[in-house]
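According to this note's numbering, the stretch in the sequence shown is residues 3 to 303, in order. C-beta: ideal position from N, C-alpha, C; glycine also. Working notes, beginning with the structure itself.
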Amino acid sequence: MPSLEEEAAEAKKGLAFGLGAFLLWGGLPNLFKLVDHVPAIETLSWRTISSFAFLLLLVLVTRRWRRLRNAVRSRRILGSLAITTCLLGLNWWVFVYAVNIGEVLQVSLGYYINPLFSVLLGFLLLGERLTRLQVLAVLIAAAGVLNQTLTLGSFPWASLGMAVLFGLYGYARKVAKVEAIEGLLIETAMLMPFAIAWIWWVQTQGQAVVVGGDSQTIFSMAIVGVLTAVPLILFTEGARRLRLATVGLLQYIAPTLHLVGAVWLWGETLTNTHLVTFGCIWVALGLYSAPSVLAALRTKS
């Protein structure tokens with residue numbers, strides 16, 4: 003049984019891993035903003051290729067071939083990963099497309115909404131009972147989305163799209179029962195034929211932007227695979243060492259950085275309607291997080 007000092011040391015490591023993961027996720031839109039002249043589907047294709055290459059190298063260096071082989075031999079796992087691959091590909095595309103058209107605020111809102119959608123998903127798919135606070139939180143969040151739809155006259159499709167896709171992806175990955183690195187490698191492998199086919203097509207049509215592009219574009223597409231895989235690895239290591247309540251609070255770092263970047267770096271307008279919508283989401287998240295935080299504090303004391 004580990005001593006209190008060992009537990010504290012592990013918790014500090016977990017916090018460092020968790021912070022690293024969400025800080026990297028929070029800064030990811032900045033990379034895509036630098037290459038927003040590249041069509042979203044071409045960016046998605048290069049992200050797939052770069053991620054696959056990095057993950058394959060990682061599996062080779064860390065000698066995780068046995069785990070990968072076991073996953074590939076399981077029809078059940080491959081079937082589940084076929085579903086998660088579709089969800090992941092769509093989520094990546096919505097993310098990149100929203101950034102490309104200057105809707106980073108929608109990206110931020112989507113990741114704020116995601117925990118609340120996961121609660122609703124647990125109720126609808128798993129029959130989990132919702133507490134009164136959770137019901138109230140979901141209703142307040144829905145009111146915020148409705149406010150933006152009615153006031154601005156535009157449905158926040160990117161926000162809800164990412165929340166729904168990522169929520170379903172998280173649920174399906176739990177069912178798959180496969181390690182994070184091996185699972186993501188298989189998912190990118192399944193996307194590879196489509197990515198290569200698209201790159202080949204735009205190249206033959208003379209519409210390719212990345213191949214033959216400037217050094218910044220080429221470098222960005224080369225490192226996007228690293229910035230896709232590394233946060234996932236850090237998150238996995240952090241989640242193993244931290245309380246669920248702590249992980250729940252850390253996940254708000256990324257959308258907060260998205261919000262700050264959208265307004266102060268990329269000049270998106272934060273209207274009063276946006277403030278009301280985000281305010282509703284923040285209140286809902288406070289209601290959602292409060293019981294876990296209080297329980298963690300009582301346990302610690």
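Checklist entry - Using a Cβ-Cβ cut-off of 7 Å (strictly less than) and excluding sequence neighbours within five positions of residue 1, which residues of its own chain qualify? => result Limits of the chain in this structure are 3 at one end and 303 at the other, which puts residue 1 out of reach.
Checklist entry - Touch check for the segment 178-189 and the segment 60-69: three-plus C-beta pairs under 8 Å? => result Segment contact: the segment 178-189 against the segment 60-69, three or more CB-CB distances shorter than 8 Å; contact assigned.
Item to check | Assigned secondary structure, residue 2 (DSSP; H/G/I helix, E/B strand, else coil) | outcome: Here the chain covers residues 3 to 303 and nothing more, so residue 2 does not appear.
Checklist entry - Nearest to residue 144 by CA position, among 12, 217 and 285, is which residue? => result 285
Next on the checklist: Among the candidates 11, 10, 47 and 260, whose CA atom is the shortest distance from the CA of residue 195?
Outcome noted: If you compare the alpha carbons of 11, 10, 47 and 260 with that of residue 195, the shortest gap goes to 47.
Checklist entry - How is residue 150 classed by DSSP in three states: helix, strand or coil? => result helix
Checklist entry - Roughly how many angstroms separate the alpha carbons of residue 293 and residue 162, rounded to a whole number? => result 25 Å
Checklist entry - In whole angstroms, what separates the C-alpha of residue 33 from that of residue 100? => result 13 Å
Item to check | Supposed close pair residue 219, residue 96 - CB separation, criterion 8 Å | outcome: Contact annotation, residue 219 with residue 96: C-beta distance approximately 21 Å; criterion of less than 8 Å not satisfied.
Item to check | Per-residue DSSP class, three states only, for residue 268 | outcome: Note: residue 268 maps to coil in three-state DSSP.
Item to check | Cβ neighbours of residue 169 in the same chain (closer than 7 Å, five flanking residues each side left out) | outcome: 116, 119, 120 and 123
Item to check | Test item: CB-CB of residue 287 and residue 114 under 8 Å | outcome: yes
Next on the checklist: Short of 7 Å in beta carbon distance, which residues of its chain neighbour residue 93, apart from the five on each side in sequence? Order them along the chain.
Outcome noted: Cβ within range, chain order: 164, 167, 168 and 171.
Next on the checklist: I'd like the list of long-range same chain contacts for residue 273, defined as Cβ closer than 8 Å, with 5 residues on each side in sequence excluded.
Outcome noted: 154
Checklist entry - Can you tell which of 173, 260 and 139 has its C-alpha closest to the C-alpha of residue 35? => result 260
Item to check | Buried/exposed call for residue 130, threshold 16 Cβ in 10 Å | outcome: exposed
Item to check | Buried versus exposed call for residue 198 [16 or more other C-beta atoms within 10 Å across all chains shown] | outcome: exposed
Checklist entry - What is the residue span of the alpha helix (DSSP H) that residue 171 lies within? => result 159-178
Item to check | Classification of residue 221 by the beta-carbon crowding that lies within 10 angstroms, buried from 16 upward | outcome: exposed
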